[in-house]
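Engineer:
Residue numbers (this note's numbering), protein chains in the order written: chain P, 133 to 458; chain R, 211 to 467.
(1) Along the region 399-412 of chain P, what residues have a CB closer than 8 angstroms to any CB found in chain R?
(2) With 16 other CB atoms within 10 Å as the buried threshold, where does residue 226 (chain R) fall?
(3) Quickly, what does DSSP pair residue 466 (chain R) with across the bridge? List them, please.
(4) For the beta strand (DSSP E) that contains residue 192 (chain P), what are its first and last residues?
(5) Kindly give me the distance between the Cβ atoms of residue 234 (chain P) and residue 302 (chain P), rounded to whole angstroms, as I take these residues to be in contact under 8 angstroms.
(6) What is the rounded straight-line gap between the Cα of residue 274 (chain P) and the Cα of residue 393 (chain R)?
(7) Given 8 angstroms as the limit, is there contact between the region 254-266 of chain R and the region 300-310 of chain R, that is, 3 or more CB pairs closer than that?
(8) Check whether the region 324-338 of chain P touches the region 306-315 of chain P, counting contact only when three or more Cβ pairs, one atom from each stretch, lie closer than 8 angstroms.
(9) Closer than 8 angstroms is the cut-off here; do at least three beta carbon pairs connect the region 277-284 of chain R with the region 348-367 of chain P?
(10) Assign residue 473 (chain R) to one of two classes, buried (16 or more other C-beta atoms within 10 Å of its C-beta) or exposed (fewer than that).
(11) Roughly how many whole angstroms lie between the Cα atoms of residue 385 (chain R) and residue 417 (chain R)?
(12) Classify residue 148 (chain P) as helix, strand or coil using the three-state DSSP reduction.
(13) What are the start and end residues of the beta strand (DSSP E) that includes residue 421 (chain R)?
(14) Shortest alpha-carbon distance to residue 435 (chain P) belongs to which of P:365, P:269, P:293 and P:380?
(15) For residue 298 (chain R), which of R:443, R:320, R:269 and R:356 has the nearest alpha-carbon?
(16) Based on DSSP bridge pairs, tell me the residues matched to residue 521 (chain R).
(17) Could you pull out every residue in the same chain whose Cβ sits closer than 6 angstroms to the Cβ of residue 463 (chain R), ignoring the five residues on either side in sequence?
(18) Taking Cβ positions only, does residue 291 (chain R) come closer than 7 angstroms to chain P?
(19) Out of curiosity, what's the CA-to-CA distance linking residue 189 (chain P) and residue 319 (chain P)?
(20) Beta-carbon within less than 7 angstroms of residue 366 (chain P)'s beta-carbon, same chain only, minus the 5 sequence neighbours each way: which residues are those?
(21) Whose Cβ in chain P lies nearer than 8 angstroms to the Cβ of residue 322 (chain R)?
(22) Shorter than 7 angstroms from the beta carbon of residue 299 (chain R) to some beta carbon of chain P?
(23) Can you pull the chain R residues whose beta carbon is under 8 angstroms from the beta carbon of residue 341 (chain P), in chain order?
(24) Pick from P:413, P:282 and P:143: whose alpha carbon is nearest that of residue 225 (chain P)?
(25) Closer than 9 angstroms by beta-carbon distance: list the chain P residues that pair up with residue 468 (chain R), in chain order.
(26) Is residue 220 (chain P) closer than 7 angstroms to residue 198 (chain P) when the C-beta atoms are compared?
(27) Using a 10 Å radius around the Cβ and a threshold of 16 neighbouring Cβ atoms, would you call residue 238 (chain P) buried or exposed?
(28) Taking 8 angstroms as the cut-off, does the region 172-184 of chain P touch the region 428-448 of chain P (at least 3 CB pairs, one atom from each stretch)?
(29) Starting from residue 290 (chain R), trace the beta strand (DSSP E) in both directions and tell me its first and last residue.
(30) In this structure, does DSSP put residue 269 (chain P) in helix, strand or coil?
(31) Just list the residues that DSSP pairs residue 454 (chain R) with in beta bridges.
(32) Does the Cβ-Cβ distance between residue 288 (chain R) and residue 369 (chain R) come in under 7 angstroms?
(33) In the region 353-383 of chain P, which residues sit with their C-beta less than 8 angstroms from some C-beta in chain R, listed in chain order?
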């Protein structure tokens, strides 16, 4: 409980920071007086239309990545699993790239996230069909790898065939993952899917605890693993599909956050779910503040930063783990 | 009424038949030792009863109710299964691990009740693991770990316990302790099927032995009746030193027949 409260406070502070930091840093008292004035100034407009949706998306997407990463690691009983392992990120990216490629993205604003979600749904449907009713983690991982590879290949094909270098650049930038220039429209279209995904994923906690003892013991403890797998796939598809659709692929948060927090919850996979959701939200908000502070002029892409910091940090975690074991 | 009734049960892995026409009754308060050579189908039989394997034909009744009609969660309240492989994937504490045994009785999102806590404590005392309740699993020896897993299986207060070689990684002292404990649980009303390879231990602590051989039950009865020279030769392909002592039978395999 203490851990969850602490993480909650960190999320709150990071959310405030995300509201105050941008091309211009607003001091907290200024923001308060802004909000109290009835006049519609530019600063208020920036706050309402730019920073607030950006901070909300950071919170929602970070929590999505942390939660689904923890659920995936618990289900597969593998600390190296991440939300993208079932192919949802790659197929959502491909769906968005299709929207770019055929020019839907310039026709209407919702085309990108919509394309992403359709891509995610199709990808996950294929994984579910391939993984079958066996409920074995191995066939599940293999199906995810197959869908990820195929979606990535199709994305490369789209880049390859892009008519002009600017279209290719635009796609590349989008794929890097970012929260810049997102509006409340993005919040409204993605939030319901993310919240529904969370609700489904949070039902798997007890089953994930039971899976600590292996699949047979978990079954005899009264859990239908087929249903657990289906809930996991649908929950991840909804939440991560929606997240990727509005922000592009943002790596390492779903992998690193459960890894860091695991020992603070006594290694219990069920208790890790809410902790990891809060931790993911905090890390995402902090990273998004960092990209704005690090290069205010030519903004560093969020996905690039998380990978740049995340990969060496993950290496450090692995080395420390090895040291502890030996 | 038997706690567990198995009628004409057949189980196959794909086309390969593993068990054929098994009929077995286990009464309340009875401890049945399941013996047989490697590959004779002992684990398959336990898994079929636990609902982990599809049944080709036949019926399994738990307290008179068809197991096939029971939800997994319903079945988990009556029946506890202790697998042979004691894999534990995350390094949780002993107490947390044993508390997982209460999952079949816990309501949705409900924390452990005082009844749960009592059952967990009793199970830990029964398996003699209270001394290291707060230690993480990774810091236990193989034998300590298998006792912890036994405590987990007992924590649900099952009517039927299926244990696959619960003594195989234990020293002689703890093996005897565990068998006495299982016998004690039987005397208090639990029904047990225990897969065993130590025939002396099986003979001394089980009410009944069931010998599996060539997919079928080759012998079923009191230990002394089952562990005959003929049955040992047929079931295991060994001849053994057999002696009835004041403290029960002693069976030591000597050589292949």
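Positions of the beta carbon are idealized from the N, C-alpha and C atoms, including for glycine.
Structural biologist: In terms of the structure at hand:
(1) 399, 400 and 401
(2) exposed
(3) Residue 466 (chain R) is bridged to R:448.
(4) No beta strand (DSSP E) contains residue 192 (chain P), which is instead part of the alpha helix (DSSP H) from 184-208.
(5) The pair is not a contact, with the Cβ atoms about 13 angstroms apart (cut-off 8 angstroms).
(6) 46 angstroms
(7) no
(8) no
(9) yes
(10) Past the edges of chain R, shown from 211 to 467, lies residue 473 (chain R), and the structure says nothing about it.
(11) 17 angstroms
(12) Of the three classes helix, strand and coil, the one that applies to residue 148 (chain P) here is helix, per DSSP.
(13) Where residue 421 (chain R) is concerned, the enclosing beta strand (DSSP E) stretches over 418-423.
(14) P:380
(15) R:356
(16) The requested residue 521 (chain R) does not occur in the structure, where chain R is confined to residues 211 to 467.
(17) 448 and 450
(18) yes
(19) 6 angstroms
(20) 332
(21) Under the 8 angstroms cutoff, chain P gives no residues; its nearest Cβ is about 12 angstroms from residue 322 (chain R).
(22) yes
(23) 310 and 313
(24) P:282
(25) Summary: the structure shown does not reach residue 468 (chain R), with chain R confined to residues 211 through 467, and so no result is reported for it.
(26) no
(27) Label assigned to residue 238 (chain P): exposed.
(28) no
(29) 289-292
(30) helix
(31) In the DSSP assignment, residue 454 (chain R) forms a beta bridge with R:459.
(32) It is a contact, given that the beta carbons lie within the stated cut-off.
(33) 353, 354, 355 and 356
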